[in-house]
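In this text, residue positions in the sequence shown follow UniProt numbering: the first is 1, and each later residue adds one.
Just so it is clear, CB atoms sit at the ideal spot from N, CA and C, and this is done for glycine as well.
The structure under discussion appears below in the form of structure tokens.
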Amino acid sequence: MSDASVVCTGLSFSWPDDTPVFADLSFAFGAGRTGLVAPNGSGKTTLLKLIAGELRPTGGTLTVSGTLGYLPQSLPLTAGLTVAEVLGIDAIVRALDAVESGDAAEEHFTVIGDDWDIEERTRAHLDRLGLPGLALDRRIGTLSGGQAVCLGIAAQLLKNPDVLLLDEPTNNLDLDARHRLYDALEGFTNCLLLVSHDRALLDRMESIAELAPGELRMYGGTFTAYEEAVRAERETAEKNIRNAEAELKREKRELQQARERAERRASNAARNLKSAGLPRIFAGNMKRGAQEAAGRAGRTHTDRVTEARSRLDEAGRALRDDERITVDLPETDVPAGRTLFHGENLKARLGDRTLFTGDGADLTVRGPERIALTGPNGAGKTTLLRLVGGDLTPDSGRTRHAGGRIAYLSQRLDLLDPDRTVAENFADAAPHRTHAERMNLLARFLFRGARAHLPAGVLSGGERLRATLACVLCAEPAPQLLLLDEPTNNLDLVSVGQLESALASYRGAFIVVSHDERFLARIGVNRWLRLADGELTATGAPREG
């Protein structure tokens, strides 16, 4: 329906231990596709749960017009359920089967209602989401994680709710499945609110809502338009900071000059009064008057300094905390002709399955190549990375390494010792650098002052990423080949940007497994490989978004 909406006024929410999440939050969503963005931990999922009715606000009002559909990040699917049960059509299908068998009981017609074409509509949604031929009586436990997600989305689209909430719907989806989801959601014309870190999906939205401390900011247009608006805001904030700093400096200078003038006047007045031989009481009154005038002038300038400092603080608060990593990594440089890895006729088994068919997989990494390894889930991409890194020995075929260090960055970010501080972990990785060198490098990875001495176990996801990158990229010896397995999974958009800027500074070779096309485009991939159906083939860059 065209007036489907979510309206929230003065929303407040705290956890049972009184930890606040939102306070006095007001917003409204109408028909159209909206992407909800914010750093991890800001409360995006909590907000969806509040709208869905799974949580109750501690203050304010929240109303939803019309029917509501909600697909959470972790699907509450029982393995024994059938596809028809997940889709919510099992009763209708049974009634249709009964009617087709000649049972004309009125109760069957009541259940069917206007849904005589339910199976055709269901097939259309399943086909569109890459699940053609999926049997309606198949058990959910036999589906892959990506198939289960697509089934959950199909169930929501089949219901066509007035308000649809999706939480990270592209998690666990490969590139092909993501594109099918993008196309399917473009056909949804009611109120859609989704949480995602998938920038290609966010670029299909009609507006972006940014959840910021104390408010929800709305931006019209796609995610690219949002990025441009944020960039303009940052430039304005930086300009305001420069102006405020200059104003504060000027006011401080004028205050000092006013004090010096007052001191000179007081000194001159004292000398003049003494030489004039005026009566003591009259001279005292003149002296007090001069001091009071100087005090008023001083207070005026002091107030102006205070106001200028306040404007500087306000300008600083407007500056977003989304710094990029800027670091020079000459030690990671790799000569163009150097072969870092060579593998031929590689075969490996995973359980009862051979991952590389025919004569096996061949792969050579030469010079500072930036290789993207794509392919459907379960094709063996992680296994191939383990073969390249030497963690796994092929069942057949040969591998040869150049001898340079190979580093592995997994999506779990489990390299750090959680009981040691960031600085201590970094010292373990780069023991021959001086303390000053290490602290300077950590600052370039945005660990300054006390943040460098936090235990790794208490770091946020973004901080853990930056600490891991510092330990990997600045290690001794420096890595010449970097293996990255779905590095953007579980990262917020700011952290993804920081990973991109760190990889831009890296001069060695890397192989990255990722379904995030925008990320792959921004890190300068110059060679594309696809692993599917047991074959490793060279491809061009996939279509974006």
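Measuring CB to CB, does arginine 507 end up less than 8 Å from leucine 329?
The residue labelled residue 507 in the question sits at position 507 within the sequence shown. The residue labelled residue 329 in the question sits at position 329 within the sequence shown. Cβ distance < 8 Å, so arginine 507 and leucine 329 count as in contact.
Using the Cα positions of valine 195 and glycine 41, report the straight-line distance between them to the nearest angstrom.
Position 195 of the sequence shown, counted from the start, is the residue given in the question as residue 195. Position 41 of the sequence shown, counted from the start, is the residue given in the question as residue 41. Roughly 13 Å separates the two Cα atoms.
Jot down the residue ranges of each uninterrupted alpha helix (DSSP H) in the stretch 231-256, minimum 4 residues, whole runs only, in chain order.
Correct list: empty.
Please state whether the Cβ-Cβ distance between threonine 383 and leucine 340 is less than 8 Å.
As a first step, residue 383 is located in the sequence shown; it is residue number 383 there, counting from the start. As a first step, residue 340 is located in the sequence shown; it is residue number 340 there, counting from the start. No; because the gap between Cβ atoms is not below 8 Å, this pair is not in contact.
For glutamine 147, count neighbouring C-beta atoms within 10 Å of its own C-beta (all shown protein chains included) and say buried if the count is 16 or more, exposed if not.
In the sequence shown, the residue the question calls residue 147 occupies position 147. The residue is buried, with at least 16 neighbouring Cβ atoms inside 10 Å.
Go ahead and pull the three-state DSSP assignment for histidine 435.
Within the sequence shown, numbered from 1, the residue matching residue 435 stands at position 435. Histidine 435 falls in the helix class under three-state DSSP.
Assign glycine 130 to one of two classes, buried (16 or more other C-beta atoms within 10 Å of its C-beta) or exposed (fewer than that).
For the purposes of this step, residue 130 is taken as residue 130 along the sequence shown, with counting starting at 1. Glycine 130 is buried by the Cβ-count criterion.
Going by C-alpha to C-alpha distance, which of Leu499, Arg438, Val525, Ala443 sits closest to glutamate 476?
Position 476 of the sequence shown, counting from 1, holds the residue named residue 476. Selected option, being the one with the closest Cα: Arg438.
Is threonine 224 helix, strand or coil by DSSP?
Taking the sequence shown and counting its residues from 1, one reaches residue 224 at position 224. Of the three classes helix, strand and coil, the one that applies to threonine 224 here is helix, per DSSP.
Is the beta carbon of glycine 35 less than 8 Å from the beta carbon of serine 5?
For the purposes of this step, residue 35 is identified with residue 35 of the sequence shown, where counting begins at 1. For the purposes of this step, residue 5 is identified with residue 5 of the sequence shown, where counting begins at 1. Against a cut-off of 8 Å, the Cβ pair of serine 5 and glycine 35 comes out as no contact.
What did DSSP end up calling asparagine 172 once you bin it into helix, strand or coil?
Working through the sequence shown from its first residue, we reach residue 172 at position 172. Coil at asparagine 172, not helix or strand.
To which residues of the same chain is alanine 38 closer than 8 Å at the C-beta, ignoring the five residues directly before and after it?
As a first step, residue 38 is located in the sequence shown; it is residue number 38 there, counting from the start. Counting only Cβ-Cβ distances below 8 Å, and skipping sequence neighbours, we find Lys44, Glu210, Leu211, Ala212, Asp492.
The alpha helix (DSSP H) that contains glutamine 498, what's its start and end?
Looking up residue 498 in the sequence shown gives position 498. Element bounds for glutamine 498: 493-505.
Let me know the secondary structure DSSP gives glutamine 73 once reduced to three states.
Residue numbering aside, residue 73 sits at position 73 when the sequence shown is read from its first letter. It is coil, neither helix nor strand.
For the candidate residues Ala478, Gln480, His453, Pro479, whose alpha-carbon lies nearest to that of alanine 467?
Residue 467 sits at position 467 when you count from the first residue of the sequence shown. The candidate whose alpha carbon is nearest that of alanine 467 is His453.
Is it right to say histidine 179 is buried, meaning 16 or more other beta carbons lie within 10 angstroms of its own, or is it exposed?
By one-based count along the sequence shown, residue 179 stands at place 179. When all chains shown are included, histidine 179 counts as buried.
Do glycine 449 and serine 396 have their beta-carbon atoms positioned less than 8 Å apart in this structure?
The sequence position of residue 396 within the sequence shown is 396, counting from 1. The sequence position of residue 449 within the sequence shown is 449, counting from 1. The answer is no: Cβ separation not under 8 Å.
Three-state secondary structure (DSSP) at arginine 527?
As a position in the sequence shown, residue 527 is number 527, starting the count at 1. The answer is strand: DSSP assigns arginine 527 an E or B state.
Less than 8 Å separating the beta-carbons of leucine 487 and aspartate 174?
On the sequence shown, residue 487 is found 487 positions in, with the first residue counted as 1. On the sequence shown, residue 174 is found 174 positions in, with the first residue counted as 1. First, the residue type needs correcting, since residue 487 is proline and not leucine in the sequence shown. Result no, Cβ atoms of proline 487 and aspartate 174 do not sit closer than 8 Å.
Measure the beta-carbon distance from glutamate 119 to valine 93 and round it to whole angstroms, keeping in mind my assumption that it falls under 8 Å.
Numbered from 1 along the sequence shown, position 119 holds the residue referred to as residue 119. Numbered from 1 along the sequence shown, position 93 holds the residue referred to as residue 93. Yes, glutamate 119 and valine 93 are in contact; Cβ-Cβ is about 7 Å, under 8 Å.
So the alpha helix (DSSP H) phenylalanine 188 belongs to, where does it begin and stop?
Here residue 188 corresponds to residue number 188 of the sequence shown, with the count starting at 1. Run containing phenylalanine 188: none; DSSP gives neither H nor E here.
Quick one: what's cysteine 8 bridged to in DSSP?
Mapped onto the sequence shown, residue 8 falls at position 8. Beta-bridge pairing links cysteine 8 to Phe27, Leu62.
Hey, quick one: how far does the beta strand (DSSP E) through asparagine 425 stretch, first residue to last?
Mapped onto the sequence shown, residue 425 falls at position 425. First-last for asparagine 425: 422-429, but that is the alpha helix (DSSP H), not the beta strand (DSSP E).
Residue ranges of each alpha helix (DSSP H) run of no fewer than 4 residues wholly in the stretch 132-172, ordered along the chain?
Listed in chain order, the complete alpha helix (DSSP H) runs (minimum 4 residues) inside the stretch 132-172 are 145-159.
Going by the DSSP bridge assignment, what does serine 396 pair with across the sheet?
The sequence position of residue 396 within the sequence shown is 396, counting from 1. Beta-bridge pairing links serine 396 to Lys347.
Whose CA, out of Gln156, Gly404, Leu473, Gly145, lies closest to the CA of asparagine 190?
Your numbering for residue 190 matches position 190 in the sequence shown. Selected option, being the one with the closest Cα: Gln156.
Report yes or no: do three or more beta-carbon pairs, one from the stretch 60-70 and one from the stretch 221-237, lie closer than 8 Å?
Flag = no, the stretch 60-70 and the stretch 221-237 do not touch.
Determine the contact status of valine 422 and phenylalanine 447, defining contact as a CB-CB distance below 8 Å.
Looking up residue 422 in the sequence shown gives position 422. Looking up residue 447 in the sequence shown gives position 447. Yes, they are a contact pair.
Does the contact criterion of 3 or more C-beta pairs under 8 Å hold for the stretch 10-30 versus the stretch 70-84?
No: the two stretches stay apart, fewer than three of their Cβ pairs being nearer than 8 Å.
Between the Cα of leucine 529 and those of Thr374, Asp352, Ala244, spot the shortest distance and give me the residue it belongs to.
Looking up residue 529 in the sequence shown gives position 529. Considering only alpha carbons, the answer is Thr374.
Does the Cβ-Cβ distance between threonine 82 and leucine 136 come in under 8 Å?
In the sequence shown, the residue the question calls residue 82 occupies position 82. In the sequence shown, the residue the question calls residue 136 occupies position 136. In contact: threonine 82 and leucine 136 (Cβ atoms closer than 8 Å).
Spatial neighbours of alanine 229 within its chain, please: CB distance less than 6 Å, with the 5 preceding and 5 following residues excluded, ordered by chain position.
For this step, residue 229 is matched to residue 229 along the sequence shown. The residues are Tyr219.
Checking the sheet assignment: what are the DSSP bridge partners for valine 37?
Your numbering for residue 37 matches position 37 in the sequence shown. Paired residues: Glu210.
Is serine 196 helix, strand or coil by DSSP?
Counted from its first residue, the sequence shown places residue 196 at position 196. Serine 196 falls in the coil class under three-state DSSP.
Assign lysine 249 to one of two classes, buried (16 or more other C-beta atoms within 10 Å of its C-beta) or exposed (fewer than that).
On the sequence shown, position 249 is the one that residue 249 refers to. Lysine 249 is exposed by the Cβ-count criterion.
Specify the secondary structure class of glycine 457 as computed by DSSP and reduced to three states.
Stepping through the sequence shown from its first residue, residue 457 is reached at position 457. Correct three-state label for glycine 457: helix.
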